[in-house]
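Mapping the sequence shown onto this note's numbering, position 320 (from 1) lands on 1234, and the numbers just tick up by one. First comes the structure, then the notes that go with it.
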Amino acid sequence: AWVHGDPRKVIYPTDSYGQFCGQKGTVNENKTILFYFNILKCASPVVLINLLCPTTQLCVSKCPDRFATYIDVQASYRYRPDQWNYFREFCKPGFNNPRKSVAQVLRDEDCPSMIIPSRPFLKRCFPDFSTKNGVLTVANQTTFKDGRGKTRNVTDLREAANGINNVLDARSVGMKIFEDYAISWYWILIGLFIAMVVSLLFLVLLRFTAGVLFWIFIFGVIGIIGYGIWHCYWEYDHLKGIPGSDLTVYDIGFQTDFRVYLQLRQTWLAFMIILCLVEVIIILMLIFLRNRIRIAIALLKEGSRAIGYIMSTLFYPIVTFILIAICISYWAVTAVFLATSGEPVYKVMANQTLCKYANLTCDPETFNTTNVTKLCPGAQCTFAFYGGESLYHKYIFIFQLANAFVFLWLVNFAIALGQCTLAGAFASYYWASRKPADIPLWPLFSSFGRAIRYHTGSLAFGALILAIVQLIRVILEYLDHKLKGRQNSFTRFLLCCLKCCFWCLEKFLKFINRNAYIMIAIYGKNFCTSAKEAFFLLMRNVVRVAVLDKVTDFLLFLGKVLVAGGVGVLAFFFFTQRIPVFAQEAPTLNYYWVPLLTVIIGSYLVAHGFFSVYAMCVDTLFLCFCEDLERNDGSTAKPYFMSASLHRILGKKELSPKKA
């Protein structure tokens, strides 16, 4: 890919001669925009963007800003030379012969038959469409001359106009979102910093007040959702009697300005019903799992004690993030080089519809010596797209799949390395006879070194198995997307079953791999042996796994929601200027939900990074505890390594005290 690829094909549009528009050091350096001679030949914006429009394409410095036809300009060039000089900017380079007959100019496509007011988008000149009193116009006109003796209506471009207007609407929304980010980026960073501080503070305090803090987590989430229910009801009641508020979402259709939906009572009613259902589900789960929650809190206290002795583990997710960022960058760069590794393909473009050579590939260097120009007057050999017929170009899609597979493999390896490293550090805490005296001096760095030196193959093998399943899922999604609309009922059912089965298989493999890495960190055995031992160990303690592990995951999830929700509520009041102290500091935004959603999602990811360390700690301690119960019996010869508090909670009645 790096030998054949050329990212300039993505950065710069290409004219009919295969030259890049706007590339420095070329004749087109100051011509950054692509202009289409006859845009009426282009069926849709997709055709334009893919450079497959059957008309001459030239690089220009600016798009035309007026209506003009070659016939009119040629007729008046003697006494209106300024019009000819302007129109000539959109002709082929070097053409300056207004005496040449119109028929020959249009046949040879020396100049466009017409120009219409346009504006650049995606570095291409698109007609400047607008609506006036519900009527489609171009520069406030509904008709224009096509340069071939006909007066055309703007509605002739309706098919292209509809697609372009949708794209331009999306562009308008995108520009407003970009402006909001440009204004509020530092406030977003402050919000994420607050989320990091709150997450760190919670994890540090868990060592001393795990039970209290987690009950605060639980009731905090209930309180936040309760506030949301009250706020939705207040908005719902406040809109009562306001004209237009009783309309339904279906009545107003899709709107790019989402604030329109907030003026409807139905929107707030739907929000309130959803929040009520979530509130009821959480309360019912807390009622039926209250005893299990107490057990999980005790296990979390032990986990918080372990993290307290190995504080460096809290910052290891940064290492995983850097490794994954490198993997993503490698994949993205290679994918771009692969996608741009095609060679220029030229095809015959003929004005005559009966030309048998039309759309056939050609060589621009030898085209003028062939019989094509004689049999099809006005035919040209123009650039069509990037591709090729060689063995390499035929298998570019396979290479993209291979690149995606390598990406999945590397990402899974980076995650596996992090899990094994953390498991080794926490296992060294659990198996220390005297805590913290027997814990290694640098447990995290020692565990990382062992994982790199001894367990690289095992981690790569586990990541390979997971990557294969994920690649199959990617291929199934690709097939489903490609075959959409062409499938019969049986095909849809089969694809749905396969997607569901491989999703379940991926979840199962992630669970097995995670526990296999813990066993690798403890015993140093190979992947298959560790996975088998971890699986059977968990099956022998399946009740404890279901009760403790999943309830712990639920509590940690509530913690993430509380951090994200708390920071989100604070951000909501700030960006909507409802905090009097900071009302003057809050930026004026187009969409306040843009930085708000960014802060909420970012806060959740920050909390997830810190809490994932905690989850790995709990999983490691639990697996070590199960192994401790099977290897030892609490006697003097085989004393337990667990702490006395953990021993009391998880089911044994006596514990032989260890000598200090």
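Just so you know, even glycine gets a beta-carbon here, dropped at the ideal spot from N, CA and C.
On the CB-based measure, 16 or more other CB atoms within 10 Å of its CB, does residue i come out buried or exposed?
{"i": "L1322", "result": "buried"}
{"i": "A1239", "result": "exposed"}
{"i": "T1580", "result": "Nothing can be reported for residue 1580: it is not among the residues displayed for the chain, which extend from 915 to 1574."}
{"i": "D1151", "result": "exposed"}
{"i": "M1263", "result": "buried"}
{"i": "K1215", "result": "buried"}
{"i": "M1453", "result": "exposed"}
{"i": "K1396", "result": "exposed"}
{"i": "W1182", "result": "buried"}
{"i": "R1406", "result": "exposed"}
{"i": "I1201", "result": "exposed"}
{"i": "T1056", "result": "exposed"}
{"i": "V960", "result": "Note that V960 scores a pLDDT of 40, beneath 50, so its modelled location is shaky and nothing firm can be said."}
{"i": "S1032", "result": "buried"}
{"i": "Y931", "result": "buried"}
{"i": "C1415", "result": "exposed"}
Give the range of the alpha helix (DSSP H) segment to which residue i is assigned.
{"i": "M1530", "result": "1507-1545"}
{"i": "M1186", "result": "1179-1202"}
{"i": "E1447", "result": "1441-1454"}
{"i": "V1068", "result": "Where V1068 is concerned, there is no enclosing alpha helix (DSSP H), given that its DSSP letter is neither H nor E."}
{"i": "E1257", "result": "It is not in any alpha helix (DSSP H) - E1257 instead sits in the beta strand (DSSP E) that spans 1257-1263."}
{"i": "V987", "result": "984-989"}
With a threshold of 7 Å on Cβ separation, who are the neighbours of residue i within its own chain once the five nearest residues in sequence on each side are excluded?
{"i": "S1044", "result": "T1051"}
{"i": "T1287", "result": "A1293"}
{"i": "T1162", "result": "Q1180"}
{"i": "A1430", "result": "G1376, F1441, S1444, A1445, A1448"}
{"i": "L1569", "result": "Because L1569 carries a pLDDT of 43, less than 50, the predicted location of this residue cannot be relied on, and no value is offered for it."}
Pick from the options: whose alpha carbon is nearest that of residue i?
{"i": "T1466", "options": "F1407, C1531, L1476", "result": "C1531"}
{"i": "G1134", "options": "R992, A1529, G1473, I1493", "result": "G1473"}
{"i": "R1348", "options": "N1429, A1220, K1446, P927", "result": "A1220"}
{"i": "I1132", "options": "Y1528, V1475, Q1055", "result": "V1475"}
{"i": "P1501", "options": "W1101, S1517, A1339, R1204", "result": "W1101"}
{"i": "H1522", "options": "I1187, G1008, L954, A1109", "result": "A1109"}
{"i": "K1014", "options": "F1004, C1025, A1551", "result": "C1025"}
{"i": "A989", "options": "L1289, K1439, G1061, A1316", "result": "G1061"}
{"i": "F1235", "options": "C1146, S1113, A1330, L1380", "result": "A1330"}
{"i": "K888", "options": "D986, L1252, S1098", "result": "Nothing about residue 888 can be read from this structure; the chain reaches only from 915 to 1574."}
{"i": "A1478", "options": "L1423, Q937, F1524, L954", "result": "F1524"}
{"i": "G1256", "options": "C1290, A1298, N1285, R994", "result": "A1298"}
{"i": "I1436", "options": "D1394, F1416, S1517, A1346", "result": "A1346"}
Compute the distance between the beta-carbons of residue i and residue j, then report whether it is under 7 Å.
{"i": "I1211", "j": "G1142", "result": "no"}
{"i": "V856", "j": "I1139", "result": "Nothing in the structure corresponds to residue 856, since the chain is present only between 915 and 1574."}
{"i": "E1023", "j": "F951", "result": "yes"}
{"i": "G1058", "j": "I1030", "result": "The residue you asked about is not Gly; residue 1058 is Phe in the sequence shown. In contact: F1058 and I1030 (Cβ atoms closer than 7 Å)."}
{"i": "A1017", "j": "F1001", "result": "no"}
{"i": "L1358", "j": "S1226", "result": "yes"}
{"i": "I1353", "j": "Y1344", "result": "no"}
{"i": "L1228", "j": "V1527", "result": "yes"}
{"i": "L1537", "j": "I1366", "result": "no"}
{"i": "N1326", "j": "A1249", "result": "no"}
{"i": "A1575", "j": "L1237", "result": "Absent from the model: residue 1575. The displayed extent of the chain is 915 to 1574, so no value can be given."}
{"i": "V1481", "j": "G1105", "result": "yes"}
{"i": "N1504", "j": "D1165", "result": "no"}
{"i": "A1576", "j": "L1470", "result": "Nothing in the structure corresponds to residue 1576, since the chain is present only between 915 and 1574."}
{"i": "F1004", "j": "F949", "result": "yes"}
{"i": "T1254", "j": "D920", "result": "yes"}
{"i": "I947", "j": "P1007", "result": "no"}
{"i": "L1413", "j": "L1390", "result": "Checking the sequence, you will find Lys at residue 1413 rather than Leu. Yes, the pair counts as a contact, with Cβ atoms nearer than the cut-off."}
{"i": "F1122", "j": "C1146", "result": "no"}
Under 7 Å, Cβ to Cβ, is there at least one residue of chain C near residue i?
{"i": "V1483", "result": "This model lacks chain C altogether, as it is built from one protein chain only."}
Identify the continuous beta strand (DSSP E) that holds residue i and give its terminal residues.
{"i": "S1044", "result": "1043-1046"}
{"i": "R1173", "result": "It is not in any beta strand (DSSP E) - R1173 carries neither H nor E in the DSSP assignment."}
{"i": "S1032", "result": "1032-1035"}
{"i": "P1357", "result": "Run containing P1357: none in the beta strand (DSSP E); it sits in the alpha helix (DSSP H), 1357-1368."}
Which residues in the same chain as residue i place their Cβ atom closer than 6 Å to its Cβ, once the five residues preceding and following it in sequence are excluded?
{"i": "I1232", "result": "none"}
{"i": "A1497", "result": "Q1491"}
{"i": "D929", "result": "Q971, L972, C973"}
{"i": "Q933", "result": "N942"}
{"i": "S1360", "result": "P1354"}
{"i": "L1419", "result": "V1383"}
{"i": "A957", "result": "Here the model assigns A957 a pLDDT of 49, short of 50, so the residue's position is not dependable, and the following value carries that caveat. None."}
If you drop the 5 nearest sequence neighbours on each side, which residues of the same chain put their C-beta closer than 8 Å to that of residue i?
{"i": "Y991", "result": "Q997, W998, P1012"}
{"i": "G1438", "result": "R1364, Y1368, H1369"}
{"i": "D1277", "result": "Y1260, C1295"}
{"i": "L1510", "result": "G1482, A1485, F1486, F1489"}
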